[in-house]
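Chemist: Have a look at this one before I ask anything.
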Amino acid sequence: MTRYLFRRLLALIPVLLGVSILVFLILHLTPGNPAEVVAGPDAPPETIAAIEKELGLDKPLYVQYFTWISKVLRGDLGKSLRSKQPVAAEIRRTFPVTLQLTVVALALAVIVSIPMGVVSAVRKDTWVDNLVRLLSFLGISVPVFAVGLLLMWVFAYKLRWLPVSGFKPLTTVNGWVHIILPALTLGAPTVATVARLTRSSILETLTADYIRTARAKGLRGSAVVYRHALRNALLPVVTVLGLQFGYLLGGAVVTETIFSIPGVGRLSVQAIQTRDFPIVQGAVLVVAYAFVVINLLVDLLYTIIDPRIRYE
Amino acid sequence: MLRRRRAVLALVAMAVILVFAACGGQGAPTDVSGPAGDTAAGPQPGGELIFGRNEETETLDPQATTTVSSAEVDYLIYDTLVTRDFDMSIKPGLAEDWNVSDDGLVYTFHLKPDVKFHSGKPLTAQDVKFTFERWKNKEGSPTRYQIDAVSEIQVVDEHTVRFILSEPYAIFLDVLTGYAASILNEEFVTEVESRGQDYGTSPETVDGTGPFILKEWIRQDHMTLVRNDAYTWGPPIYENRGPAYLERVTLRVIPEDATRIAELEAGSIDFTPTLPPVEVSRLENVSDLNLYRYTDLNTQFIGFRLSAPILSDIRVRRAINHAINKEEVVEAAYYGLAEPASGPLAPNTWGWWPGVEDIQYRYDPEKAKQLLEEAGWSQMDARGIRQKDGQPLKILLMYSKGPTTDVLMPLIQEQLRQVGIDVTLREMEWTAYLAALRAGEHEMMLMGVRYTNADILYFYFHSKQRPAPNRFAWADPETDRLLEMSRTSTNDEERLKAYHDVQRIVVENAIWVPLVHEKRVVAAGPAVGPLKIHPANVLYKMLDVYKVR
């Protein structure tokens with residue numbers, strides 16, 4: 573187990589190095605010059621050249637990469653080309669915000685989706701099942717911005733139950749009030765995915781031999797479902813939840829924009845638009861790191877859910 | 070629903086800026102706010118204004134940015150030597166008066182006494198000298214070129230400062246009104262920078278003399294400014310010279326238009342300076358918001374790259390000018406919130422030439438077809454696209470997405486299609502767009518430009534400014550000579566003549582299709598007293614802004 577963990581952690585290094593090279597190349601080969609953004613559309617040619625020099629963008633690409641990566645290895649992610657804020661500070665400010673949003677969204681999604689899936693599977697082909705399937709279908713197919721604006725319109729604008737937008741830390745009641753709509757918006761596709769997955773996974777498990785055995789020895793229906801079927805059916809669900817966590821972390825951009833939440837998604841999108849290279853590179857590295865670590869944690873979680881799985 | 074509308078013509082002066090205040094209200098008549106000076110209660114001190122905007126301030130180092138979202142805060146935190154009045158004329162700021170030598174090379178400013186920075190340090194001539202030397206020597210400053218003409222700055226005495234120019238620079242005072250010319254505290258900046266910190270990035274690294282003090286800055290979320298109670302040196306363009314009425318200004322970043330408008334209607338923000346045209350008529354009819362229309366100096370245009378083979382023929386460029394129906398553009402793409410443009414400058418610019426009205430290309434598709442025929446584009450293919458020597462009349466039009474482009478671009482494509490031109494539209498992301506234009510990948514390009522004076526002609530048409538912002542490959546010695554004269558001449562009549570001639574050249578040579586001059590609309594909630602919109606920056610120093618309840 574320890575050796576497995578060590579191997580997995582060691583594998584992080586080439587992954588992150590690869591990510592760093594990829595994101596660096598993609599950014600620098602994409603048309604668009606950060607100096608031009610800083611200077612604005614009406615600046616004379618000399619000004620752009622001067623700013624390029626100031627920002628070190630006049631050097632060859634490999635020199636720029638090695639300058640950057642050698643600093644990163646020493647723990648210095650650099651400074652934003654535009655706001656001059658240290659990248660590490662920007663990420664420290666925005667990443668916890670996205671993390672809070674993601675965790676709440678995922679928690680809401682789990683609380684709602686797994687019971688939905690179970691009920692839907694147990695009451696297969698009844699009106700409950702049909703309703704769940706309809707909701708899942710909507711959750712997957714309606715785009716996030718539409719869900720977000722719709723929820724905002726109903727609960728914040730018409731009913732005035734909740735605030736329209738903004739973010740407050742979750743240590744306050746106000747913070748929880750503010751995060752409900754964005755978390756629902758962000759979690760909606762996950763609810764749909766997980767509910768469907770839970771449903772099909774349980775249906776599949778219910779046909780297994782050991783379930784027939786359980787029924788045959790006279791166990792009650794609910795005990796069969798919850799004690800035997802659900803536990804086995806959850807394995808693929810956990811895998812998907814782990815992946816979803818990663819996607820939500822990186823994919824909260826739209827939700828963050830609609831609800832004006834100062835998270836890492838908005839930080840990176842704005843940085844991409846203005847070609848603020850150090851910010852994009854830093855944010856992608858951190859999100860990639862989180863993604864890989866979460867996957868590792870999910871793999872470890874398997875051993876708890878399914879004692880048959882062991883890592884050597 | 071009781072509804073009132075009033076429009077007030079606020080200002081007519083040397084440059085005519087029209088500010089329309091349309092005020093709508095619901096409920097009892099006493100709730101209805103009227104135009105400026107007409108409200109029963111009058112200005113009330115106290116209260117907080119929550120300002121909703123779509124973009125975060127980049128930095129509060131005024132010399133390091135070109136964005137509106139930085140400028141609008143700079144005007145609140147800092148002061149400038151001279152200020153711009155609502156009619157765009159130049160008025161005193163931190164300098165109570167000034168004089169200019171006859172040769173236009175020496176400017177002497179007398180500073181107001183008793184001005185203090187937020188940190189408590191009194192303002193001296195040395196701070197002014199420091200500010201401009203820092204700006205001039207700042208390698209990464211995107212606006213540094215604005216003071217290229219300044220060769221030396223002298224401290225005459227504690228409250229007198231002198232600028233020596235290397236050549237006359239007619240728009241020097243205009244430059245001094247800009248946010249980039251905000252006066253900094255020498256001791257403070259030096260101390261911050263000696264600690265290795267970047268000036269203007271947090272409340273601890275900002276110091277100015279302005280009516281508001283930066284208290285808190287949480288990026289991408291909000292910025293809080295509090296009133297500077299010691300402020301009494303406001304510019305004479307305001308009745309209230311300070312302190313400001315508002316106790317606190319909170320600037321919230323809400324990037325999504327729909328969210329910002331919902332926040333405004335829900336009453337959780339008081340003001341937004343950016344409304345998409347498509348929302349304006351709905352907001353006017355359903356809510357108790359006050360909408361203010363105003364016209365700043367701007368021109369939306371299609372530029373031709375003259376080195377593109379097809380467009381090197383002036384007849385083609387003129388034909389395109391004749392083929393575009395600007396009235397239709399105004400109605401369909403701008404929902405009426407624009408005026409058709411005849412030349413490169415808006416009519417309320419000092420230096421605008423009335424002659425453009427006579428020589429402009431009016432909508433005349435028949436004339437357009439005739440010009441294309443003359444240029445040899447006389448055969449038609451099966452789709453009705455013109456051809457010459459087997460080559461189709463196909464032109465690339467590049468643009469970056471804006472609030473109007475979804476309607477505007479297909480409309481222009483269709484209008485040109487009517488005379489047999491096949492326009493290929495290419496939408497690009499803004500930064501990539503700028504890069505493509507610099508590389509000369511365009512044939513036609515759409516852009517909007519905002520300016521504060523006619524010097525914008527120098528930026529866009531001097532041959533030295535190729536490949537950008539002169540993205541038209543326009544190189545003409547006569548234009549260059551006139552533009553240089555417009556900067557260096559100390560004779561206003563001569564400068565006017567130069568500006569007029571450049572506008573004539575631009576229109577005669579059909580370098581652009583001048584499309585429209587946009588009208589801007591800002592919205593304020595019912596708790597905000599009547600506003601007077603400043604043409605250079607909507608709420609400018611906010612000395613006249615107050616809450617009514």
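Those protein sequences? They're chains A and B, same order as listed. Going by the numbering used here, the first residue of the first sequence is number 573, and it counts up by one from there. Going by the numbering used here, the first residue of the second sequence is number 70, and it counts up by one from there. The C-beta atom is built at its ideal place from N, Cα and C for all residues, glycine as well.
For V763 (chain A), which residues from the same chain have a beta carbon less than 6 Å from its beta carbon, with the 5 sequence-adjacent residues on both sides left out?
Modeler: Excluding positions up to five away in sequence, the list reads A681, V684, S685, G711.
Chemist: Using a C-beta to C-beta distance shorter than 7 Å, which residues of chain A count as neighbours of D267 (chain B)?
Modeler: By Cβ distance, chain A contributes K656.
Chemist: So what's M513 (chain B) in DSSP terms, helix, strand or just coil?
Modeler: Strand.
Chemist: Using beta carbons (cut-off 8 Å, strictly below), is V142 (chain B) in contact with chain A?
Modeler: Chain A contact via Cβ: absent.
Chemist: Based on the DSSP secondary-structure assignment, which residues constitute the bridge partners of P161 (chain B)?
Modeler: Note: P161 (chain B) sits in a beta bridge opposite B:V151.
Chemist: Between the C-alpha atoms of V425 (chain B) and L565 (chain B), what's the straight-line distance to the nearest angstrom?
Modeler: Approximately 14 Å, taken between the alpha carbons.
Chemist: Whose C-alpha, out of B:G471, B:L466, B:M497, is nearest the C-alpha of Q482 (chain B)?
Modeler: The candidate whose alpha carbon is nearest that of Q482 (chain B) is B:L466.
Chemist: Counting only C-beta atoms, is F120 (chain B) closer than 8 Å to chain A at any point?
Modeler: No - not a single Cβ of chain A is within 8 Å of the one on F120 (chain B).
Chemist: Indicate the three-state DSSP secondary structure (helix, strand or coil) for L734 (chain A) in the structure shown.
Modeler: Coil, per DSSP.
Chemist: Output yes or no for whether 8 Å exceeds the beta carbon distance between Y609 (chain B) and Y314 (chain B).
Modeler: Result no, Cβ atoms of Y609 (chain B) and Y314 (chain B) do not sit closer than 8 Å.
Chemist: Provide the residue span of the alpha helix (DSSP H) that contains Q484 (chain B), from first to last.
Modeler: 474-487 is the extent of the alpha helix (DSSP H) around Q484 (chain B).
Chemist: Checking contacts by CB at 8 Å: is G612 (chain A) closer than that to chain B?
Modeler: With 8 Å as the cut-off, G612 (chain A) counts as an interface residue toward chain B.
Chemist: Look at the alpha carbon of P604 (chain B) and the alpha carbon of D365 (chain B), and state the distance between them as a whole number of angstroms.
Modeler: Taking the straight line from one Cα to the other gives about 5 Å.
Chemist: Tell me the DSSP secondary structure of H569 (chain B) in three-state form.
Modeler: Helix, per DSSP.
Chemist: Identify, in the order they occur along the chain, each residue of the same chain with its Cβ nearer than 7 Å to the Cβ of R838 (chain A), setting aside the five sequence neighbours on each side.
Modeler: Contacts found: V825, E828, T829.
Chemist: Whole alpha helix (DSSP H) runs in the stretch 398-440 of chain B with 4 or more residues, listed along the chain?
Modeler: Counting whole runs of 4 or more residues, the stretch 398-440 of chain B contains the alpha helix (DSSP H) stretches 425-428.
Chemist: Within 8 Å of any Cβ in chain A, is that where the Cβ of G96 (chain B) sits?
Modeler: Unreliable positioning characterises G96 (chain B) in this predicted model, as indicated by a pLDDT of 29, which lies under 50. The coordinate reading is nonetheless provided below. G96 (chain B) does not count as touching chain A.
Chemist: Give me whichever residues DSSP pairs with Y874 (chain A) in a beta bridge.
Modeler: None, per the DSSP bridge assignment.
Chemist: In angstroms with no decimal places, state the Cα-to-Cα distance between Q218 (chain B) and T343 (chain B).
Modeler: The sequence given here places Ala at residue 218 (chain B); Gln does not occur at that position. Going from the Cα of A218 (chain B) to the Cα of T343 (chain B) covers about 35 Å.
Chemist: Would you decide whether G111 (chain B) is buried or exposed? Buried here means 16 or more other CB atoms lie within 10 Å of its CB.
Modeler: Exposed is the call here.
Chemist: Indicate the three-state DSSP secondary structure (helix, strand or coil) for S102 (chain B) in the structure shown.
Modeler: In this predicted model, S102 (chain B) has a pLDDT of only 36, less than 50, meaning its place in the structure is not dependable; the value taken from the coordinates is given anyway. If DSSP states are grouped into helix, strand and coil, S102 (chain B) belongs with coil.
Chemist: Is the CB of P617 (chain A) under 8 Å away from at least one CB in chain B?
Modeler: For P617 (chain A), the answer is yes, since a Cβ of chain B falls inside 8 Å of its Cβ.
Chemist: Where does M573 (chain A) land, buried or exposed, given buried means 16+ other C-beta within 10 angstroms?
Modeler: Exposed, since its Cβ has fewer than 16 Cβ neighbours within 10 Å.
Chemist: What residues in the stretch 856-875 of chain A have a beta carbon less than 7 Å from any beta carbon of chain B?
Modeler: Cβ contacts with chain B come from no residue of the stretch 856-875 of chain A.
Chemist: Rounded to the nearest angstrom, what separates F739 (chain A) and I751 (chain A) at their Cα positions?
Modeler: Spanning the two alpha carbons is a distance of roughly 7 Å.
Chemist: At what residues does the alpha helix (DSSP H) containing G269 (chain B) begin and finish?
Modeler: Element bounds for G269 (chain B): n/a, residue is neither H nor E.
Chemist: What distance in whole Å lies between the Cβ atoms of L441 (chain B) and V476 (chain B), which are believed to be in contact at a cut-off of 8 Å?
Modeler: In fact, because the Cβ distance is near 26 Å, the residues do not count as touching under 8 Å.
Chemist: Please state whether the Cβ-Cβ distance between F370 (chain B) and M516 (chain B) is less than 8 Å.
Modeler: Yes. Within cutoff.
Chemist: Counting only beta-carbon atoms, is W204 (chain B) nearer than 8 Å to chain A?
Modeler: With 8 Å as the cut-off, W204 (chain B) does not count as an interface residue toward chain A.
Chemist: Let me make sure I understand the geometry here. Which of A:Y874, A:T846, A:V852, A:G854 has the alpha-carbon closest to that of G814 (chain A)?
Modeler: For G814 (chain A), the nearest C-alpha among the options comes from A:Y874.
Chemist: Taking V120 (chain B) and K601 (chain B) to be in contact with their CB atoms under 8 Å, please state how far apart those CB atoms are, rounded to whole angstroms.
Modeler: It is Phe, not Val, that sits at residue 120 (chain B) in the sequence shown. So it is not a contact: roughly 16 Å between Cβ atoms.
Chemist: Beta carbons nearer than 8 Å to chain A: which residues of the stretch 275-295 of chain B have them?
Modeler: Result list: I287, R288, Q289, D290.
Chemist: Against G209 (chain B), what residues of chain A qualify as contacts under a CB-to-CB distance less than 8 Å, listed in chain order?
Modeler: V610, A622, I623, E626, L627, listed in chain order.
Chemist: Check D107 (chain B) in the structure and name its three-state DSSP category.
Modeler: Its pLDDT being 44, under 50, D107 (chain B) is placed unreliably in this model, and the coordinates cannot settle the point.
Chemist: Do V609 (chain A) and T500 (chain B) count as a contact pair if the criterion is CB distance below 8 Å?
Modeler: For T500 (chain B) and V609 (chain A), yes; Cβs fall inside 8 Å.
Chemist: Please report the distance separating the alpha-carbon of I146 (chain B) from that of V258 (chain B).
Modeler: In a straight line, the C-alpha of I146 (chain B) is about 15 Å away from that of V258 (chain B).
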